[in-house]
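This report concerns only the one structure given below.
Protein chains: 2
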Amino acid sequence: MDALELLIKHDIKPSVQRLAVMEYMLTHFTHPTVDEIYSSLSPAIPTLSKTTIYNTLSLFEEQGVVLYLGIDKKNARFDGNTSHHAHFRCKKCGKIIDIFNQKQEDIVIEGHPELIIDEVQTYYTGYCKACTN
Amino acid sequence: MDALELLIKHDIKPSVQRLAVMEYMLTHFTHPTVDEIYSSLSPAIPTLSKTTIYNTLSLFEEQGVVLYLGIDKKNARFDGNTSHHAHFRCKKCGKIIDIFNQKQEDIVIEGHPELIIDEVQTYYTGYCKACTN
DNA sequence: AACTAAATTGTAATTATTACAAATCTGTTT
DNA sequence: AAACAGATTTGTAATAATTACAATTTAGTT
Ligand SMILES: [Mn+2]
Ligand SMILES: [Mn+2]
Ligand SMILES: [Zn+2]
Ligand SMILES: [Zn+2]
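The listed protein sequences correspond, in order, to chains A and B. Residues 1 to 133 in the working numbering are what the first sequence spells out, letter by letter. Residues 1 to 133 in the working numbering are what the second sequence spells out, letter by letter.
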C-alpha cells in the first residue's frame, strides 16, 4: 500500500505536503521526531513549514494512519507502523527498537471491565547491543 | 515504611524539602505533576522553590524511590508506588488509574536476548467509567 | 567561630509545542 | 476565464515545561 492509497483510505486529502510526510513515514520506521521529518523533507519542499509537519502528524494520528509514541521524554515520536507492537528505547544512544512477536494485549483489562480501551503502548527502557560493550 | 526510612534506605539525605516531597508521594498515589506537588507543599514551606521539586524528583527517580511516567503528553508525572503495575489514562478527564494484577513482564524479551531491560511501562488510553455516561 | 560541602533558591535561558492570522492553493460556479 | 468559497499552508508570536546556573542558605565538622 503506497502513501496515496493510504491517505485516501483514511479520508485524508492528499496534498503535496501530506504525501511527502506519509511517504517519509512509510520508508523510515525509525520513529522520527518532527524535526527529523522536517529536516529531511525541507530541501525538496523549500517552502515547507514546521507547523505543517505538526498539523499533518496531528491529523494523521487522529485518522489512525500514524501512531504517537510517548517513549521519549524530549520529543514526540511517530510511527508509520500502526500494527500492534511494543518499543524499546536505549538510554545511551536513544535508538528506539520495535518489539514484535508479543501477545496482543486484551481489549478489556481484567478487573476493570468499566474502562474503554482505545490504545495500549508498552515501552521498554534499557541498553541496546551496541551500547553494552 | 515511612518517608524517612525510605529515603535513608535509598541513600538520600533527608532534608525538610525531600521529606515533604517523599511524604506527599506516599500519601498521594494520583500520579501528580511537578506543579501539583509544588502547589500542595508551597503553603507549608513558603520558601520552597519549584526547582527543588524538579531536583528532588530527579534524584528520587535516579535512586528508584519514585517512578517517572511518560503517559501524559503535557507534563511529567510521578508515582510513589514503584511496584510493577500498568497505567490507564482517560482521554476526557485526564485521570490516571493504576492497573494491577498484571502478569510481570519478562526481563528478557523473546527474540531480543541482546537487550538489557531496566524498566517496562504499559500505558492504556481510553475512557473511564465516569466519562462514558 | 571558621570552614566546607551539599542543598536550596530565584532568575534567566532553552525549547518543544500551540495559537493564530495572513497568504496560498484547489475545486466549483458564474 | 474570472470570481468565489473552503481548505491548507505558512510564518510569526505566544505559551509553558524543563533546564542551567550562580548566589544564598543550611548542615555538619574542625
Ligand atoms: Mn514501531
Ligand atoms: Mn501507579
Ligand atoms: Zn544504544
Ligand atoms: Zn474520565
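Ideal Cβ positions, reconstructed from N, Cα and C, are used throughout, including at glycine.
Reference methionine 25(B), options Arg77(B), Gln121(B) and Cys93(B), closest by Cα: The residue given as residue 25(B) occupies position 25 in the second sequence. For the residues Arg77(B), Gln121(B) and Cys93(B), the minimum Cα distance to methionine 25(B) belongs to Arg77(B).
Quick check: the Cα distance between glutamine 121(B) and tyrosine 124(A), rounded to an integer number of angstroms? The count along the second sequence starts at 1 and reaches residue 121(B) at position 121. The count along the first sequence starts at 1 and reaches residue 124(A) at position 124. For the pair glutamine 121(B) and tyrosine 124(A), the Cα-to-Cα distance works out to about 6 angstroms.
Would you mind telling me which residues of chain B sit closer than 8 angstroms to phenylalanine 88(A), beta carbon to beta carbon, in chain order? Taking the first sequence and counting its residues from 1, the one referred to as residue 88(A) is at position 88. Per Cβ cutoff of 8 angstroms: Ile109, His112, Leu115 and Ile117.
Closer than 7 angstroms: is that where the CB of tyrosine 123(A) sits relative to any heavy atom of ligand 3? The count along the first sequence starts at 1 and reaches residue 123(A) at position 123. False, no ligand heavy atom lies under 7 angstroms from that Cβ.
Would you be able to state if there are at least three C-beta pairs under 8 angstroms between the region 10-25 of chain B and the region 65-74 of chain B? Proximity of the region 65-74 of chain B to the region 10-25 of chain B meets the contact definition, three or more beta-carbon pairs being nearer than 8 angstroms.
Checking 8 angstroms against the spacing of the C-beta atoms, do tyrosine 127(B) and isoleucine 71(A) come in under that value? In the second sequence, counting from the first residue as 1, residue 127(B) sits at position 127. In the first sequence, counting from the first residue as 1, residue 71(A) sits at position 71. Result no, Cβ atoms of tyrosine 127(B) and isoleucine 71(A) do not sit closer than 8 angstroms.
Segment limits, beta strand (DSSP E) that includes valine 120(B): On the second sequence, residue 120(B) is found 120 positions in, with the first residue counted as 1. Per DSSP, valine 120(B) belongs to the beta strand (DSSP E) from 116-127.
Taking glutamate 84(B) as the reference, which of Glu119(B), Gly111(B) and Lys91(B) has the closest Cα? The residue labelled residue 84(B) in the question sits at position 84 within the second sequence. The amino acid occupying residue 84(B) in the given sequence is histidine; glutamate does not appear at that position. Cα-wise, what sits closest to histidine 84(B) is Glu119(B).
Just the chain B side, please: which residues come within less than 9 angstroms of glycine 70(A) by C-beta, in chain order? Numbered from 1 along the first sequence, position 70 holds the residue referred to as residue 70(A). Per Cβ cutoff of 9 angstroms: Gly70, Ile71, Asp72, Lys73 and Tyr123.
Excluding the 5 residues preceding and the 5 following cysteine 93(A) in the sequence, name in chain order all residues of the same chain whose CB lies nearer than 7 angstroms to its CB. Within the first sequence, residue 93(A) is the residue found at index 93, counting from 1. Cβ neighbours of cysteine 93(A) beyond the five flanking positions: Cys128, Ala130 and Cys131.
Is the beta carbon of asparagine 133(B) within less than 7 angstroms of some heavy atom of ligand 2? Translated into positions along the second sequence, residue 133(B) becomes position 133. Checking the 7 angstroms criterion, the Cβ of asparagine 133(B) is out of range of every heavy atom belonging to ligand 2.
DSSP state of cysteine 93(B), grouped into three classes? The residue given as residue 93(B) occupies position 93 in the second sequence. Coil at cysteine 93(B), not helix or strand.
Secondary structure of phenylalanine 29(A), DSSP reduced to three states: The count along the first sequence starts at 1 and reaches residue 29(A) at position 29. Phenylalanine 29(A): coil per DSSP, three-state reduction.
Report the three-state DSSP secondary structure of aspartate 2(B) (helix, strand or coil). Locating residue 2(B) in the second sequence gives position 2, where the first residue counts as 1. Aspartate 2(B): coil per DSSP, three-state reduction.
Between histidine 112(B) and threonine 33(A), what straight-line distance do the alpha-carbon atoms span, to the nearest angstrom? Against the second sequence, residue 112(B) aligns to sequence position 112. Against the first sequence, residue 33(A) aligns to sequence position 33. One C-alpha to the other measures close to 25 angstroms.
Would you grab the beta carbon distance between alanine 3(B) and leucine 19(B) for me? Rounded to a whole angstrom, and I think it's under 8 angstroms. For this step, residue 3(B) is matched to residue 3 along the second sequence. For this step, residue 19(B) is matched to residue 19 along the second sequence. Contact between alanine 3(B) and leucine 19(B) is confirmed by a C-beta separation of about 5 angstroms, below the 8 angstroms threshold.
DSSP beta-bridge partners for isoleucine 218(B)? Residue 218(B) falls outside the range modelled here, since chain B spans only 1 to 133, and no answer is possible.
Thinking C-alpha only, which one of Thr47(B), Ala86(B), Leu69(B) and Glu110(B) is nearest aspartate 79(B)? To locate residue 79(B), count along the second sequence from 1; it is residue 79. Here the closest residue by C-alpha is Leu69(B).
For the region 2-23 of chain B, which residues have a beta carbon sitting closer than 9 angstroms to at least one beta carbon of chain A? none
Interface partners of glycine 126(A) on chain B, CB under 8 angstroms: The count along the first sequence starts at 1 and reaches residue 126(A) at position 126. Here the neighbours are Leu115, Ile116, Ile117, Asp118 and Glu119.
Taking 7 angstroms as the cut-off, does the CB of lysine 73(A) come closer than this to any heavy atom belonging to ligand 3? As a position in the first sequence, residue 73(A) is number 73, starting the count at 1. No - ligand 3 has no heavy atom lying nearer than 7 angstroms to the Cβ of lysine 73(A).
Taking DSSP as the reference, what is the three-state secondary structure of phenylalanine 60(B)? In the second sequence, the residue the question calls residue 60(B) occupies position 60. Phenylalanine 60(B): helix per DSSP, three-state reduction.
Taking 8 angstroms as the CB-CB limit, is isoleucine 99(A) close to chain B? Along the first sequence, read from residue 1 onward, the residue named residue 99(A) stands at position 99. At least one chain B Cβ lies under 8 angstroms of isoleucine 99(A).
Quick check on this structure: which residue in Lys73(B), Ile99(B), Thr51(B) and Cys90(B) has the alpha carbon closest to the alpha carbon of threonine 82(B)? Translated into positions along the second sequence, residue 82(B) becomes position 82. It is Ile99(B).
Name all residues in chain order for which at least one heavy atom of ligand 1 lies closer than 6 angstroms to the residue's CB. Those residues placing their Cβ nearer than 6 angstroms to any heavy atom of ligand 1 are, following chain order, His31(A), Asp79(A), Asn81(A), His85(A), His87(A) and Asp98(A).
Any heavy atom of ligand 3 inside 7 angstroms of the beta-carbon of tyrosine 127(A)? Looking up residue 127(A) in the first sequence gives position 127. Remark: the shortest separation between the CB of tyrosine 127(A) and any heavy atom of ligand 3 falls under 7 angstroms.
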